Ligand code: AMP
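Numbering (my numbering), first residue to last: 10 to 220.
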């Protein structure tokens, strides 16, 4: 069954989803990564997306779904959705899309983190651009040393500026937090404490997935 990893920006969804992909062979779909790839392609759609992302707003629901649908349609195994759904409308659209594709949604796991910790993490986080164009986040799965050893270039995401971080957090509270209530009502919602060492968060995720 597919799963959704929810949480504020910087809660560690991407880091944990990468580990779940590596160890439990889920297909990891990060909508942020899908959108950044579109931006990097230089397409007209990419330019449109870039303006929205850089100011910390959300891509319109219909546009997001049509981009995501192309990725999900080709998926073979179980999927981890990372960064989707971010609005209640997207959650409703996800149910409909999975049903049409004959897929099933299992647990929705929220990686919870206090706002002060989110701000501290996002203000200091760094990315690495590898010579092949791939981008990795510097963190537990990919160190600064890994970046240097592979000839990568360290940079800060354009949406990790103090203004954009503050805006993204307010967007999260207004638009994404209600998604938790949507899934709580559906009896699928579970919570994991994101303010722990990444290995401990991962261990808690495994426990929740096995339950
Ligand atoms: P992320 O990498 O998950 O932090 O996403 C980076 C940015 O991509 C967000 O701040 C949004 O602008 C956009 N984005 C990612 N996922 C979605 C989504 N499900 N709906 C709308 N916009 C999204």
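In this text, a Cβ means the ideal position worked out from N, Cα and C, and glycines have one as well. Bear in mind the structure is a predicted one, so any value in this text is a computation, not a measurement.
(request) Hey, could you find the ends of the beta strand (DSSP E) residue 147 is sitting in? (result) Numbered from its first residue, the chain shown carries residue 147 at position 138. Neither: residue 147 is in no beta strand (DSSP E) and is coded neither H nor E.
(request) Per DSSP, which residues does residue 222 bridge with? Please list them. (result) Given that the chain is displayed from residue 10 to residue 220, the structure contains no residue 222 and the question cannot be resolved.
(message) Assuming contact is defined by CB atoms lying nearer than 9 Å, are residue 114 and residue 190 in contact in what I supplied?
(response) Indexing the chain shown from 1 puts residue 114 at position 105. Indexing the chain shown from 1 puts residue 190 at position 181. Contact flag unset, no.
(message) I want to check one thing, is the minimum distance from the CB of residue 61 to the heavy atoms of the ligand AMP below 8 Å?
(response) Position 52 of the chain shown holds residue 61. With a cut-off of 8 Å, the C-beta of residue 61 is classified as near the ligand AMP, since at least one heavy atom of the ligand falls inside that distance.
(message) Closest to residue 128 by C-alpha separation, out of 170, 64 and 28, would be which residue?
(response) By 1-based counting over the chain shown, the position of residue 128 is 119. Checking every option, the nearest Cα to that of residue 128 belongs to 170.
(message) Please tell me whether residue 23 and residue 51 are closer than 9 Å, where the distance is taken between their beta carbons.
(response) Here the question's residue 23 lines up with position 14 in the chain shown. Here the question's residue 51 lines up with position 42 in the chain shown. Result no, Cβ atoms of residue 23 and residue 51 do not sit closer than 9 Å.
(message) Helix, strand or coil, according to DSSP, for residue 93 in the structure here?
(response) The residue given as residue 93 occupies position 84 in the chain shown. Note: residue 93 maps to coil in three-state DSSP.
(request) Any chance you could list the alpha helix (DSSP H) runs of at least 4 consecutive residues sitting entirely within the region 35 to 87, in chain order? (result) 40 to 49, 53 to 63 and 70 to 82
(request) Can you tell me which of the three DSSP states residue 15 falls into? (result) What you label residue 15 is simply residue 6 of the chain shown in a count that begins at 1. Residue 15: strand per DSSP, three-state reduction.
(request) Consult DSSP for residue 28 and reduce its assignment to one of helix, strand or coil. (result) Here the question's residue 28 lines up with position 19 in the chain shown. It is helical.
(message) Would the region 88 to 102 count as touching the region 63 to 71 if we require 3 or more Cβ pairs under 8 Å?
(response) Touching, per the Cβ criterion.
(request) With hydrogens ignored, establish whether the beta-carbon of residue 73 is closer than 8 Å to any heavy atom of the ligand AMP. (result) Taking the first residue of the chain shown as 1, we reach residue 73 at position 64. Yes - the ligand AMP has a heavy atom lying nearer than 8 Å to the Cβ of residue 73.
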